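Trainee:
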Amino acid sequence: MSRLKIRFDELAKKGRKALIPFITAGDPNPEFTVPMMHEMVNAGADIIELGVPFSDPMADGPVIQRASERALEYHVGLRKVLSFVAEFRKTDQQTPVVLMGYLNPIEIMGYEEFANAAQRAEVDGVLTVDLPPEEAEECVALLRARDIDQIFLLAPNSSSERIRKMDSVGSGYLYYVSIKGVTGAGHLNTADVEQKLTQIRENTQLPVGVGFGVKDAETAKTIANLADGVVVGSAFISKIEKNLDNPEQAKIEMIELIKSMRQAMDS
Amino acid sequence: MTDMYNMPDERGHFGPYGGIFVAETLMPAITELNVAYQRYLKDPDFIAELDADLQHYVGRPSPLYHAERWSRELGGAQIYLKREDLNHTGAHKINNTVGQALLAKRMGKTRIIAETGAGQHGVATATVAARLGLECVVYMGAVDVERQALNVYRMKLLGATVVPVESGSRTLKDALNEAMRDWVTNIDDTFYIIGTVAGPHPYPAMVRDFQTIIGREAKQQCQEMTGQLPDALVACVGGGSNAIGLFYPFIDDASVKIVGVEAAGDGVETGRHSAPLCAGRPGVLHGNRTYLMADDDGEIIETHSISAGLDYPGVGPEHAWLKDTGRAEYVNITDIEALEGFHALTKLEGIIPALESSHAMAYTMKLAPTMKKDEIIIVNLSGRGDKDMHTMAQREGIKI
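Protein chains in written order, with my numbering: chain A, 226 to 492; chain B, 4 to 403.
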C-alpha cells in the first residue's frame with residue numbers, strides 16, 4: 226500500500242485534513258531543502274510536494290518561476306531532487322513525498338529509469354503538470370508497479386467525464402486547481418470551490434486536495450472544511466523570496482505559516 | 004493507395020511525436036478548437052472565405068521564380084524560388100494567421116494572443132486582428148523586442164499590445180510560455196494563434212494545413228513551367244511551418260528529395276546553435292513530443308542563431324517523424340554561411356531574403372552544384388529581409 230493511501234486513511238480516521246506545503250527543491254539553495262522538509266513535518270505538514278525545477282514552467286506564475294530559476298542556478302535537476310528525497314527518508318519513513326513538475330526531465334531520463342530511481346529514493350507520488358491521462362499510460366503503469374501514485378490535476382472547467390478519467394488512471398489523490406490561471410494568481414471563490422467539489426466527489430472516491438490561491442490560515446481553514454487536503458505553494462515560497470539574504474528568517478516565517486494553517490484547519 | 008501518407012492520427016501523433024501535453028485547464032479549450040477545426044476544414048463557406056482572403060488580402064498565389072542567373076553561377080540544378088516574401092506583411096506567416104483568425108471569429112472568440120520571435124508572426128497576427136476588429140496581445144522575449152524594434156513598432160501601429168517577456172532566456176520559447184500562461188488564465192474568450200507547426204494537437208496539423216498552400220501552388224506551378232516535378236525541395240526549419248507547407252504535398256512523391264535546413268549558429272560542434280533535429284534529442288515541450296535541445300536533466304538549453312525566427316529549441320513534431328522515417332533529410336547552416344546565402348541572392352537576383360530564408364539559400368548553394376543542369380530545386384523564400392537590415396548593418400559595423 227502506498228504511503229499516500231496510508232496517510233489519507235489515518236487522517237480520515239482522526240477526522241483531520243491533509244496540509245500539503247509545496248517547495249521548489251534547491252530554492253533558495255540546495256542545502257536549504259532537506260532540513261526544511263523536516264521542519265515542515267514538525268510544524269504540521271502531512272504530505273510534502275517537492276517541486277522539480279524546470280527551465281520552462283508554463284503553468285506557473287512569477288513566484289514559482291523565480292523559485293525554479295534560483296534552483297537552476299545551482300543546477301538542481303531531477304537527479305538531485307531524487308537524492309534530496311533519499312536523504313529525507315533516512316530519518317522520516319512516514320511522510321509521503323510527491324514530486325511535482327513538468328514531463329521533460331522524466332522523458333529525458335527515460336520512464337523506466339525514472340520509475341526505478343523514484344522507487345529507490347522512496348518517492349510516493351508524481352504529479353506532472355503537462356501529462357494528461359491520455360498520454361500517461363506507460364508512465365502510470367511503471368509507477369504503479371512500484372507502488373508510486375500518479376497524481377492528476379483537475380480544473381474548474383473539467384467535465385464529469387474527465388473527472389472519471391482521472392479517477393480511473395490516477396491514484397493517491399486528485400489535485401483540484403481552484404482557479405483558471407497559473408500558480409499564485411487570483412483569489413479562490415469558496416462557493417465555486419464547494420460546487421465543483423460536489424461534482425468531483427460524485428465522480429471519484431479518491432481524496433481531493435485543493436490548491437492555487439491558498440494564501441493564509443483563513444483560506445486554509447475554509448478549504449479544509451470542503452476538501453481532503455490543502456495545498457500551499459506560492460504563499461509559502463514568497464517567504465523565501467522575501468528573505469533571500471536571510472534563509473534562516475525565511476525558514477522561521479515558513480514554519481509560522483504552516484503552524485498557523487495547521488491550527489486553523491484543526492480548530 | 005494504402006501507403007498514402009496520412010499523419011497525424013486522431014490524437015495528433017506522428018509516430019511517437021506530437022500528441023497533447025498540456026495542463027488540465029487547457030484541455031477543454033484544445034478539444035473545442037479541435038472540434039471546430041475539423042468542422043470548418045470541411046465547411047465550403049469557410050474554405051471559400053479563406054481562399055478569397057488568401058487571394059485578395061494576402062496576394063496569392065505567390066510566384067514561382069526561376070533564378071536563372073544564380074543557377075548559372077552555381078553551375079548545377081535549376082533553382083526556383085517560391086516567393087513567400089511577396090505576401091502581405093512579407094513572409095509566409097500570414098497564410099496561417101488568416102486561417103486561424105477566421106476560425107477564431109467563427110468560434111466567437113473576441114481576443115487573440117500570439118507569441119513571436121523575429122516579430123513576423125506577431126505582425127501577421129496583429130494584421131489580421133486589426134482587420135477583424137479583435138483585441139490582440141503579442142508576447143515577445145525582451146531580447147527580441149530589442150533586436151526587432153521595427154516589427155515591435157509595426158505591431159503597435161496595428162493596434163496590438165506587445166508584452167516583453169522577461170523570464171527565462173527572454174526569447175521565443177519564453178514568449179511561448181507566457182502566451183500559454185495568458186491562455187490558461189483567459190481561456191473562455193481567448194484564441195491562441197500559434198505561429199508554427201508546434202504546440203499541442205491540433206496545432207501542428209492545423210498550421211500545416213493552412214501553410215500547405217505553399218506546396219500545392221509550387222507543385223502546380225512547377226508542372227506548368229517545366230512539365231515535371233522538382234527533384235529537390237529546400238526550406239529552413241525553426242519550428243518548421245514554411246518547410247512543412249512546402250514539403251507536405253510532395254511527401255508521397257518518392258522521387259522528390261526533401262531537405263530541411265536548421266540554424267547551426269556558431270556551428271553545431273560549439274553547442275551554440277538552434278538545430279534540435281541535427282543535434283538534439285526527443286523530449287516534451289510546449290504541448291508536444293519532438294526533438295529538443297535539452298541537457299541531461301531535461302532542462303531546455305539556450306539556443307543561438309543570427310536569425311531570431313530560427314532561435315527556438317524545439318521543432319514541429321512532423322519534422323521529427325519525417326527525420327526518423329528518412330523521408331526528409333535535415334542539415335544545418337551556420338550564421339556565416341547564411342550570410343553568404345543572403346548576399347548571393349541579393350547581388351545576383353536582386354532579392355533580399357530574410358535571414359531565416361538565407362539558411363535555405365546557403366544550403367542550396369551547396370546542393371545545386373552537385374546536381375545536373377536539367378534537375379530542379381524549389382527553395383522556399385519564406386520571407387523578405389527588410390526586417391533584418393538593422394542586424395545586417397550592425398554586423399557589418401554600419402550605422403543606419
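The beta carbon of each residue, even a glycine, is placed where N, CA and C say it ideally should be.
As the structure is a computational prediction, the values presented were derived from the model and not from experiment.
(1) Helix, strand or coil for S277 of chain B, going by three-state DSSP, please let me know.
(2) Apart from the five residues just before and just after A361 of chain A, which ones in its own chain have a Cβ nearer than 7 Å to its Cβ?
(3) Under a Cβ-count criterion, where at least 16 other Cβ atoms within 10 Å of its own Cβ denotes burial, should K112 of chain B be classed as buried or exposed?
(4) Throw me the rounded Cβ distance for the G269 of chain A and L229 of chain A pair, which I believe falls under 8 Å.
(5) Please specify which runs of the alpha helix (DSSP H), each continuous and at least 4 residues long, are wholly inside the segment 316-348 of chain A, giving them in chain order.
(6) Report yes or no: is there a C-beta of chain B within less than 9 Å of the C-beta of D355 of chain A?
(7) Quick one: what's M143 of chain B bridged to in DSSP?
(8) From E427 of chain A to K421 of chain A, what distance separates their C-alpha atoms?
(9) So, under 8 Å CB-CB, I455 of chain B and L351 of chain B are touching, yes? Tell me the CB distance rounded to an integer number of Å.
(10) Please name the residue, chosen from A:M261, A:I425, A:D234, A:I480, that lies closest to T249 of chain A on a Cα-to-Cα basis.
(11) Under a three-way DSSP split, which group does V287 of chain B fall into?
(12) Starting from the beta carbon of I462 of chain A, find every residue of chain B whose beta carbon is closer than 8 Å, and list them in chain order.
(13) Does the beta-carbon of M4 of chain B have 16 or more other beta-carbons within 10 angstroms, so that it is buried, or is it exposed?
(14) Does the distance between the C-beta of A268 of chain A and the nearest non-hydrogen atom of the ligand ZN fall short of 8 Å?
(15) Under the three-state reduction of DSSP, which class applies to Q81 of chain B: helix, strand or coil?
(16) With distance defined between alpha-carbon atoms, name the residue in B:Q214, B:G270, B:R275 nearest to P252 of chain B.
(17) Any chance the segment 321-341 of chain B sits against the segment 255-269 of chain B, with 3 or more Cβ pairs inside 8 Å?
(18) Going along chain B, which residues have a C-beta under 7 Å from A380 of chain A?
(19) Show which residues of chain A have a CB atom less than 9 Å away from the CB atom of P31 of chain B.
(20) For Q318 of chain A, is the classification buried or exposed, using 16 other Cβ atoms within 10 angstroms of its Cβ as the cut-off for buried?
(21) Taking the beta strand (DSSP E) that Y8 of chain B falls in, what are its first and last residues?
(22) To the nearest angstrom, how far is the alpha carbon of V301 of chain A from that of L342 of chain B?
(23) Name the chain A residues whose beta carbon is nearer than 7 Å to that of T188 of chain B?
(24) Quick one: what does DSSP say E343 of chain B is sitting in, helix, strand or coil?
(25) Would M183 of chain B pass as an interface residue toward chain A - the criterion being a Cβ-Cβ separation below 9 Å?
(26) Output the boundary residues of the beta strand (DSSP E) element that contains A410 of chain A.
(27) By a C-beta neighbour count over all protein chains shown, 10 Å radius and 16 as the cutoff for buried, is T164 of chain B buried or exposed?
(28) V271 of chain B: which of B:D338, B:Q103, B:G18 sits nearest, CA to CA?
(29) Count the other C-beta atoms from every protein chain shown that fall within 10 angstroms of the C-beta of R232 of chain A, then say buried if there are 16 or more, exposed otherwise.
(30) Grouping DSSP H, G and I as helix and E and B as strand, with all else coil, what is N382 of chain A?
(31) Who are the Cβ neighbours of G202 of chain B in its own chain at under 7 Å, not counting the five residues just before and after it?
(32) Evaluate the contact criterion for the segment 229-244 of chain B versus the segment 145-158 of chain B: three or more CB pairs, one atom per stretch, below 8 Å.
(33) Using the Cα positions of V187 of chain B and F194 of chain B, report the straight-line distance between them to the nearest angstrom.
(34) Go to P47 of chain B, then tell me how far its alpha helix (DSSP H) extends in each direction, as first and last residue.
(35) Between the segment 81-91 of chain B and the segment 363-377 of chain B, do three or more beta carbon pairs fall short of 8 Å?
Mentor: So, from the data block:
(1) strand
(2) Q375, V394
(3) buried
(4) Contact doesn't hold; Cβ gap of about 18 Å is too wide.
(5) 328-334, 336-346
(6) yes
(7) B:T119, B:P167
(8) 10 Å
(9) Lying before the first or after the last residue shown, residue 455 of chain B is absent from chain B, which here runs from 4 to 403.
(10) A:M261
(11) If DSSP states are grouped into helix, strand and coil, V287 of chain B belongs with the strands.
(12) Correct list: empty, because the minimum Cβ distance to chain B is about 15 Å.
(13) Legend: pLDDT at M4 of chain B = 41, less than 50; position of this residue unreliable, value from coordinates given subsequently. By the neighbour-count rule (16 or more Cβ atoms within 10 Å), M4 of chain B is not buried but exposed.
(14) This structure lacks the ligand ZN, and indeed carries no ligand of any kind.
(15) strand
(16) The shortest C-alpha separation from P252 of chain B is found at B:Q214.
(17) yes
(18) E27, T28
(19) A380, N382, S383, S384, R387
(20) Around the beta carbon of Q318 of chain A, a 10 Å sphere encloses fewer than 16 other beta carbons of the protein chains shown; the residue is thus reported as exposed.
(21) Taken as a continuous stretch (DSSP letters only), Y8 of chain B belongs to no beta strand (DSSP E), as it is neither H nor E.
(22) 39 Å
(23) Within 7 Å Cβ-Cβ: K405, G406, V407, A410.
(24) Of the three classes helix, strand and coil, the one that applies to E343 of chain B here is helix, per DSSP.
(25) yes
(26) Run containing A410 of chain A: none; DSSP gives neither H nor E here.
(27) Looking at its Cβ environment, which holds fewer than 16 other Cβ atoms inside 10 Å, T164 of chain B is exposed.
(28) B:D338
(29) buried
(30) coil
(31) H289, G290, N291
(32) no
(33) 11 Å
(34) Element bounds for P47 of chain B: 47-56.
(35) Contact holds: three or more Cβ-Cβ distances are below 8 Å.
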